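Numbering (this note's numbering), first residue to last: 1175 to 1299.
What follows is a short report on a single structure.
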Amino acid sequence: MKHLLDNVSGTTTALWNAVNKIYGNNTYSITVSGSGKVFLERGFTTEIIAEGNERIQTVLRKLINHTRIDTDQCPRCGLPQMDPKRRRNALSRVGNVYVCETCGMDEALRAVNGLTVPADKWPIK
Ligand SMILES: [Zn+2]
1175 MKHLLDNVSG TTTALWNAVN KIYGNNTYSI TVSGSGKVFL ERGFTTEIIA EGNERIQTVL
1235 RKLINHTRID TDQCPRCGLP QMDPKRRRNA LSRVGNVYVC ETCGMDEALR AVNGLTVPAD
1295 KWPIK
């Protein structure tokens, strides 16, 4: 295993560690194929996000830079109460987007009564 990890550059590793701190461990994983190709994948899926150190570093830098912009404001209520660790927020019932904890609870309660607010009515005032 050690010889495979040698294909991952130090810069890639450092950026990946930073991304792990923000998004949580294993939200993004780095794998090395038998032929030594480096891949950035989403979680434990085999969904490849980027291939090769250079492209992976570009994606990782974007993830790091986008964190504050993406997570500060909840897309559903517009309030700046998103957890910087994306996965600690609630996954919305209307789509593949994270909302704040309060909205997650609100969605759950509304869903029980069939009163889900569709995403095109966001942000809710
Ligand atoms: Zn919210």
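All C-beta atoms in this analysis are idealised placements derived from N, C-alpha and C, irrespective of residue type, glycine included.
In this text, all values refer to a predicted model and were calculated from it rather than measured experimentally.
query, result
"Threonine 1220 in three-state terms, based on DSSP", "coil"
"Simplified DSSP state of isoleucine 1238, which is helix, strand or coil", "helix"
"Burial state of asparagine 1287, where buried means 16 or more other Cβ atoms lie within 10 Å", "exposed"
"Any non-hydrogen atom of ligand 1 closer than 7 Å to leucine 1237 Cβ", "no"
"beta-carbon arginine 1250 near ligand 1 non-hydrogen atom, thresh 7 Å", "yes"
"Distance cut-off 7 Å: valine 1273 Cβ against heavy atoms of ligand 1", "yes"
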